[in-house]
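Let me begin by presenting the structure, written as structure tokens, before commenting on it.
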Amino acid sequence: MKKKQFKAESKKLLNLMINSIYTNKDIFLRELISNASDALDKISFKSLTDKNLKINRKALEINLGIDKEKRTLTISDNGCGMTKEELEHNLGTIAESGSNIFKTENQSKDISIIGQFGVGFYSVFMVADKVEVHSKPYESEKSYVWSSSGEDGYTIDESTKKTNGTDIIITIKQDSDEYNYSQYLEQNKIEELIKKYSNYIHYPIKMEVTHKHLKEGSKDEYEEHNEIETLNNMTPIWKKEKKNVKEEDYNNFYTSTYYDYEKPLNIIRYKAEGTCSFTSLLFIPSHAPYDLYSKEYKKGLQLYSNGVLIMDKCEDLLPDYYSFVKGLVDSEDLSLNISREILQQDRQLKTIAKNIENKINKELKKMLEEDREKYETFFKEFGMQLKIGIYNTFGMVKNELQDLLLFYSSTEKKMVTLKEYISRLKDKQENIYYAVGESIDKIDLMPQVEEVKEKGYEILYLTDYADEFVVQVLQSYESKAFMNVSNADLNLEDEKEKEKIEKLNEDNKSLLDEIKNVLGDKVSKVKFTNALKNHPVCLTTEGAISTGMEKVLNAMPNEQKIKASAVLSINAKHPIAEKIQKLYKENSKEVEKYAKILYAQARLIEGLTIENPNEISDLVCEILSK
Ligand code: ADP
């Protein structure tokens with residue numbers, strides 16, 4: 001067959017691989033063994049549901065072979081195998097989504113990309129001059145061989161392989177000054193690597209091992225005999241006694257099973273006994289996968305029935321707000337031949353899911369209490385999931401999740417919990433104050449924030465677009481209602497101040513009506529306020545939709561534009577207040593121009609756009625040049 005080129009992006013990746021971005025070349029074996037194990041899982045699964053597929057699940061295994069003369073290392077499995085098309089698609093190109101990232105992400109993130117896509121197969125080119133993949137799927141009589149020497153492309157031809165599954169024949173590179181490649185042709189090295197990285201693989205990994213011993217009756221003559229040995233221990237890591245498993249073992253299991261390049265932030269090992277007993281091993285990753293918030297992301301835990309994998313991603317085991325959790329559940333009480341549909345209604349499964357949810361919640365709370373720094377790392381990566389969780393369930397899980405939230409505090413200058421905020425309430429404080437903006441710096445400059453701070457209240461700065469929606473769903477925390485500092489009913493003035501401002505508003509009713517008239521339905525009200533310190537104007541809002549939410553909602557692709565019910569508040573203490581009163585008394589047309597400019601300014605401060613920048617610019621210049 002004619003030589004085919006790798007897809008452009010795959011080529012780039014191959015290049016990275018060959019030039020060894022994984023400094024640790026050893027891991028190629030782990031990657032290939034993981035693939036083989038996956039292939040065995042796949043066929044094992046299939047046999048659970050496909051009556052026509054008759055396999056002996058006990059015979060599923062991985063075999064390793066070394067040929068020193070030919071310099072080859074062979075990895076065979078009797079797993080699902082690949083068709084010609086699959087060989088082409090799986091090995092000639094990396095996943096489409098993967099290659100897209102290459103176009104956008106920056107180069108220094110290459111390592112993370114490789115980790116995230118688990119493009120493990122290509123790692124073989126760190127140690128190989130040539131690779132042949134012979135494969136035969138169960139459904140087909142024909143077998144094919146994919147062959148490549150790296151960057152210059154690959155071929156696919158018919159193969160003579162008769163048995164089901166895949167044989168990967170690796171021709172190991174010649175030794176160089178820098179590296180001893182021949183070690184991968186040594187029995188001891190291979191044994192060591194399997195023990196180190198693949199010990200927990202739950203299929204036997206077998207190799208013909210040569211044992212040397214003294215010939216009977218002789219003192220110096222040796223005899224060799226060959227024996228097929230199983231190199232891995234095979235006891236699943238979650239079934240081993242806790243004291244016999246090192247953290248490093250869990251980390252190794254995690255990185256290779258869940259395709260992550262970083263060790264997990266937290267490991268949760270949990271065993272439940274009772275009506276439905278199960279063991280679970282859960283991991284909280286230390287970073288969000290690139291696609292966590294995309295439609296492609298599939299949550300779920302692996303589901304084992306007494307050591308046999310029966311589902312790779314059981315969605316029903318995790319609520320959406322914990323969809324970042326990786327791991328597995330093993331229960332002896334689940335039937336092996338259970339179908340997906342039955343599983344969904346399975347009471348036992350629901351019990352397990354509830355149990356797991358509670359456990360994750362407890363662990364996160366523990367982390368928050370005991371290791372704040374670690375928790376903040378977690379929250380940076382996954383806080384958004386918790387927020388979306390509160391929002392999407394309309395507050396149904398607020399009791400579970402609200403204490404896991406962190407917000408930036410104006411007084412503490414760091415992230416705080418709602419509980420901590422409540423513990424610092426001022427005497428008679430009835431509200432939890434919050435302000436919304438793009439960044440902490442921008443919120444700090446907001447006119448509405450200034451006065452609330454001045455009065456000594458702590459303000460939570462909501463900088464995430466989801467934050468305000470969350471706060472609206474929560475409504476209150478420990479019976480203190482959330483209150484946007486931009487709300488027109490903030491009510492922080494004392495009685496005397498209130499009276500004064502009410503009188504000012506009454507006395508100027510016709511002026512304020514006139515401004516409202518000029519602005520039309522852009523604002524619902526215009527008023528003087530003494531809740532501002534230095535700034536001349538600001539927009540406050542009445543009703544449920546704030547200007548912050550208006551921004552978020554209108555950034556979404558929907559037809560109807562949403563408008564917050566805006567109140568234009570003019571600082572009564574600012575000279576501009578007097579100026580417009582004076583102009584109005586002089587019956588001047590200027591009031592109209594001032595109204596437009598003041599409104600535009602208030603929008604700009606809020607980070608909103610103005611609809612008529614030309615007109616406003618002309619007006620400003622007209623007034624400036626007087
Ligand atoms: P990943 O394992 O992350 O998907 P790889 O590059 O390691 O990426 O493998 C690409 C694909 O090739 C796998 O998803 C699988 O479909 C297929 N594959 C690799 N090795 C085998 C094998 N031994 N048997 C069957 N399919 C395999």
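Letter by letter, the sequence shown follows residues 1 to 626 of my numbering.
C-beta: ideal position from N, C-alpha, C; glycine also.
Assigned with DSSP and collapsed to three states, I356 falls in helix. For F45, the CB stays at least 6 Å from every heavy atom of the ligand ADP. In the structure shown, Y122 adopts helical secondary structure according to DSSP, grouped into three states. Per DSSP, M549 is one residue of the alpha helix (DSSP H) stretching across T547 to A555. Around the beta carbon of N35, a 10 Å sphere encloses 16 or more other beta carbons of the protein chains shown; the residue is thus reported as buried. For M483, the CB contacts under 8 Å within the same chain, skipping 5 residues up- and downstream, are N431, I432, Y433, Y434 and L490 in chain order. When I190, E450, K426 and F382 are compared, the shortest CA-CA separation from P289 is found for F382. For E373, the three-state secondary structure derived from DSSP is helix. Using a Cβ-Cβ distance cut-off of 8 Å, the segment 214-229 and the segment 45-57 are not in contact, since fewer than three pairs of beta carbons, one from each stretch, lie closer than that value. Annotation for F283: the continuous beta strand (DSSP E) segment containing it runs F278 to I284. If you draw a straight line from the Cα of L532 to the Cα of T540, it comes to about 11 Å. Q5 and E376 have their alpha carbons spaced roughly 46 Å apart.
Distances from the CA of A353 to each of E412, L60, S280 and F121 were compared; the closest alpha carbon is that of S280. For a cut-off of 8 Å, the C-beta gap from K130 to S149 is around 5 Å, short enough to register as a contact. Every beta strand (DSSP E) stretch that sits fully inside the segment 427-463 and reaches 3 residues is listed by chain position as 431-436 and 459-462.
Rounded to the nearest angstrom, the gap between the Cα atoms of V485 and V591 is 28 Å.
Classified as buried, I597 has 16 or more neighbouring CB atoms from the shown chains inside 10 Å of its CB.
A distance below 7 Å between beta-carbons, with the five flanking residues on each side excluded, links L608 to the following residues of its chain, in chain order: T547 and K551. Spatial neighbours of V452 in its own chain (CB-CB distance under 7 Å, excluding positions within 5 residues in sequence) are listed in chain order as Y433, I459, V485 and L492. In the DSSP annotation of this structure, the continuous segment of the beta strand (DSSP E) that includes V209 starts and ends at I205 to L214. Residue nearest to T171 within the set S159, E192 and V133 is V133 (criterion: CA-CA distance). Closer than 6 Å to some heavy atom of the ligand ADP: that does not describe the Cβ of M384. Around the beta-carbon of A544, fewer than 16 other beta-carbon atoms lie within 10 Å, marking it exposed. With at least 16 other beta carbons inside 10 angstroms of its own, N252 counts as buried. Contact between the segment 409-422 and the segment 460-477 is present: 3 or more CB-CB pairs across the two stretches fall below 8 Å. Counting only residues of its own chain and dropping the five nearest sequence neighbours on each side, G307 has a CB closer than 8 Å to the CB of H202, P236, K239 and D330.
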